[in-house]
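Quick notes on the structure that follows.
Protein chains in written order, with the numbering used here: chain A, 6 to 207; chain B, 6 to 207.
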């Protein structure tokens, strides 16, 4: 399989952590790929019209875009039924946590685009404030009930870990550990897993 | 179940079309909900920290955000195995089409926010051009191979139909039918299904 990604993206990191947790890295060739809004990339866009990363091309040539779908494909490929909670009684609540954590990544990446891709004169502070309002509402929710880790690790914990790692990488001034001490302890343990330690951005 | 949505959103419309195709509307109470970036909505945000629509609250109280996950939940609730291609040999290619169609909706909604929520002086034309570049690359891909409809209707066709309907609703000047005649014919047939006809925005 070919995985088009770059270490900086929390979406690509989510997929790479999944691949490592599933011991699939020998089956995957990483194709370093950079994308940014307003930057043309016709070669990559011929593969993924949305010009987003990550994207996976399976061995049979099937294209898979979207980190959630790629992660799901890898779990199915590996015959794993725990990462996506296939047989878990709380499956939908866990997948919902995954979607909220992925949404946090989306808000943070949007804030990064606003603050670093868009020309300064075209930035709009309420936009960034709105994104961080959503990020903090989501983190407050996770502070009260962080996803399972350890033996019961799921895609929800992986995506939330990637979101927090991205916040450290791009928004280190946010000081989220002071606001969310339970999440800080939760993340510190998670971040020691080899799959996380080997994929830290920056 | 309670579904928080509004007719204008292509994501909410995707879910409502799914609910109608699955004959679940008697099980669902629609809770009209409006959201917009930079507009506070503490009551709704207490439910969904990301302040996005749609959101579903299942009968057991489980919250489900993200249109793809809600649609998947409804299909599982109804015992339907065709909309998400559970047993189809081309399942991953179809789900990938779904993700690309959902991505088109995301680009269009982002363009709407850029052009109608953000103050005019803060808009940045290359941003909007970039979004439509992605939209058109995706539509060109679907023009060559539109998703199955009729008896073989899947979530990919539903999401693409919602994307095209949203383009008609918010960007009627785009004249996409001239550029994509096969998609235009494809959409004209799909749009006559009761689930589509009963959920047209505007």
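Where is the CB? At the ideal position from N, CA and C, for every residue including glycine. Treat the numbers as computed from the prediction; the structure is a model and nothing was measured.
In its chain, beyond the 5 residues on either side, 61, 63 and 69 have a beta carbon closer than 8 Å to the beta carbon of residue 78 (chain A). Secondary structure of residue 130 (chain B) (DSSP, three-state): helix. In the displayed model, residue 44 (chain A) falls within coil according to three-state DSSP, outside both helix and strand. Counted as a single uninterrupted DSSP element, the stretch harbouring residue 204 (chain A) is not any alpha helix (DSSP H), since DSSP gives it neither H nor E. Taking residue 162 (chain B) as the centre and dropping the five residues before and after it, the same chain places the C-beta of 152 and 154 closer than 6 Å to its C-beta, in chain order.
Taking each of B:198, B:131 and B:122 in turn and checking the Cα distance to residue 41 (chain A), the smallest one comes out for B:131. Only residues of its own chain outside the window of five on either side were considered, and among them 6, 8 and 24 have a CB closer than 7 Å to the CB of residue 33 (chain A), listed in chain order. Taking one beta carbon from each stretch, the region 158-178 of chain A and the region 13-22 of chain B have fewer than 3 pairs nearer than 8 Å; the two do not touch. If the five residues before and after residue 108 (chain B) are omitted, its C-beta is found closer than 8 Å to the C-beta atoms of 139 and 143, all from its own chain and listed in chain order. With its beta carbon less than 8 Å from one in chain B, residue 105 (chain A) belongs to the interface.
Boundaries of the alpha helix (DSSP H) harbouring residue 75 (chain B): 72-83, taken from the DSSP string.
Straight across, the Cα-Cα distance linking residue 28 (chain A) with residue 82 (chain A) is about 11 Å.
Three or more Cβ pairs closer than 8 Å define a contact, and the region 9-16 of chain B falls short of that threshold against the region 93-108 of chain A. Assigned with DSSP and collapsed to three states, residue 9 (chain B) falls in strand.
Here residue 179 (chain B) carries a helix assignment [DSSP, helix/strand/coil]. The secondary-structure analysis by DSSP pairs residue 69 (chain B) across a beta bridge with B:61. The three-state reading of DSSP puts residue 197 (chain A) in coil, since its state is none of H, G, I, E or B. The beta-carbon distance between residue 136 (chain A) and residue 115 (chain A), rounded to whole angstroms, is 6 Å. This is short enough to meet the 8 Å contact definition. Within the region 170-197 of chain B, no residue places its CB atom closer than 9 Å to a CB of chain A. The DSSP-derived three-state label of residue 37 (chain A) is strand. The beta carbon of residue 147 (chain A) lies closer than 7 Å to those of 165 and 188 in the same chain, with the five residues before and after it left out. Of the residues assessed, residue 57 (chain B) falls on the buried side of the cut-off, its CB having 16 or more other CB atoms within 10 angstroms. Scanning B:175, B:184, B:158 and B:178 for the CA closest to the CA of residue 194 (chain B) turns up B:158. At a cut-off of 8 Å between C-beta atoms, residue 117 (chain B) does not count as an interface residue with respect to chain A.
Contact note: residue 55 (chain A) reaches chain B through 105, 108, 139 and 143, using a C-beta cutoff of 7 Å and chain order. Judged by DSSP in its simplified three-state form, residue 115 (chain A) adopts helix.
Secondary structure of residue 89 (chain B) (DSSP, three-state): coil. At a cut-off of 8 Å between C-beta atoms, residue 98 (chain B) counts as an interface residue with respect to chain A. Under the DSSP assignment, residue 18 (chain A) falls in the alpha helix (DSSP H) whose first and last residues are 15-26. Judged by beta-carbon spacing, residue 59 (chain A) lies within the 8 Å limit of residue 16 (chain A), meaning their Cβ atoms are closer than that value. Under the Cβ criterion of 8 Å, residue 101 (chain A) is counted among the residues facing chain B. In this structure, the straight-line span from the alpha carbon of residue 36 (chain B) to that of residue 49 (chain B) is close to 11 Å.
The beta carbon of residue 206 (chain A) sits closer than 6 Å to those of 12, 13 and 174, all from its chain and outside the five residues before and after it, given in chain order.
In terms of CA proximity to residue 184 (chain B), B:145 leads the group B:145, B:196, B:200 and B:156. Residue 165 (chain A) carries a helical assignment under DSSP once its states are collapsed to helix, strand and coil.
Distance check between residue 179 (chain A) and each of A:191, A:134 and A:190 places A:134 closest, using alpha-carbon atoms only.
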